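Single-structure report; data block below.
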Amino acid sequence: MENDIRVLITKKKVEEKIQQMADRINADYQGKQLHLIGVLRGSVFFVCELAKRLTIPVTIDFMSVASYGDGTQSGGVVHMIKDLEDPLEGKEVLLVEDIIDSGRTLYYLMKLLKERQPASLKLAALLDKPERRVRPVKVDYTGFEIPDEFVVGYGLDYAQKYRNLPFIGVVEDV
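Start counting the sequence shown at 1; every next residue gets the next number (our numbering).
This is the structure:
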């Protein structure tokens, strides 16, 4: 069964916003090397597009975590699936996430990564649903604040489908 997808944010607006975020990051990290950490799987599209627009030296690593629940709601317990390949000590680190919802996963990850003693640790998210927040998370670079709707595209999925949509859409019949 195919789902009805309503465009929330067009491809053009997503690309423009990523460029604006990259411009800010380039300015903030001028003269430094930045280590990007993408949270699998959803952030892959955003990490790649952001990295292509950065003019500063960049390295990239990925980690994967799961917050088990009923499939559409986080259960609140975060489990590490894949850890980082490289140490973070002394590095300028930017954690890159596709969407921040409850904040549980990002709260856990930011605490975990701070313990690894990076020179700095900031957070970038393409999408933010602040009204759903149950854990405090400081987002340093935000693309779009969105309403509490189930979104797909640009890495976000519904049952592993729709990640490859070039826009952010709302699944109307979830």
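Where a beta carbon is used, it is the ideal one built from N, C-alpha and C, also for glycine. Every value quoted in this text rests on a predicted model; they were computed, and no experiment measured them.
Requested in this report: May I ask you to verify whether the segment 147 to 157 touches the segment 44 to 53, counting CB pairs closer than 8 Å and requiring at least 3?
Outcome: The answer is yes - the segment 44 to 53 touches the segment 147 to 157, with three or more Cβ pairs under 8 Å.
Requested in this report: Check whether the segment 86 to 101 touches the segment 24 to 38, taking contact to mean three or more Cβ pairs, one atom from each stretch, closer than 8 Å.
Outcome: Of all C-beta pairs linking the segment 86 to 101 to the segment 24 to 38, three or more are shorter than 8 Å, placing the two stretches in contact.
Query - Given Phe150 as reference, the closest of Arg133, Val171, Val139 and Gln160 once Cα atoms are compared - result: The residue with the shortest Cα to Cα distance from Phe150 is Val171.
**Report entry** Neighbourhood of Ser43 by C-beta distance below 7 Å, restricted to the same chain and skipping five residues each side
**Finding:** Taken in chain order, the residues that qualify are Val96, Glu97, Asp98 and Gly155.
**Report entry** Collapsed DSSP secondary structure at Lys161 in the structure displayed
**Finding:** Here Lys161 sits in strand by DSSP.
Requested in this report: Using alpha carbons as the reference points, say which of Thr105, Arg133, Leu126 and Glu89 lies closest to Ile18.
Outcome: For the residues Thr105, Arg133, Leu126 and Glu89, the minimum Cα distance to Ile18 belongs to Leu126.
Query raised in the report: Is it true that the CB of Val139 sits closer than 7 Å to the CB of Asp128?
Result: In contact: Asp128 and Val139 (Cβ atoms closer than 7 Å).
Report task. For Ala66, count neighbouring C-beta atoms within 10 Å of its own C-beta (all shown protein chains included) and say buried if the count is 16 or more, exposed if not. Result -> Classification of Ala66: exposed, given that the 10 Å Cβ count is below 16.
Query - Within 7 Å, strictly: CB atoms of Ala27 and Leu54 - result: No; because the gap between Cβ atoms is not below 7 Å, this pair is not in contact.
Requested in this report: Determine the contact status of Ile168 and Leu8, defining contact as a CB-CB distance below 7 Å.
Outcome: Using a Cβ distance threshold of 7 Å, Ile168 and Leu8 count as a contacting pair.
Query raised in the report: Can you tell which of Ile5, Arg116, Ile25 and Phe144 has its C-alpha closest to the C-alpha of Gly90?
Result: Per the Cα distances, Arg116.
Requested in this report: Measure how close the beta-carbons of Pro166 and Lys11 come, nearest whole angstrom, since I'm counting them as under 8 Å.
Outcome: The pair is a contact, with the Cβ atoms about 4 Å apart (cut-off 8 Å).
Query raised in the report: For Lys13, which of helix, strand or coil comes out of DSSP?
Result: In this structure, Lys13 counts as helix in the three-state DSSP scheme.
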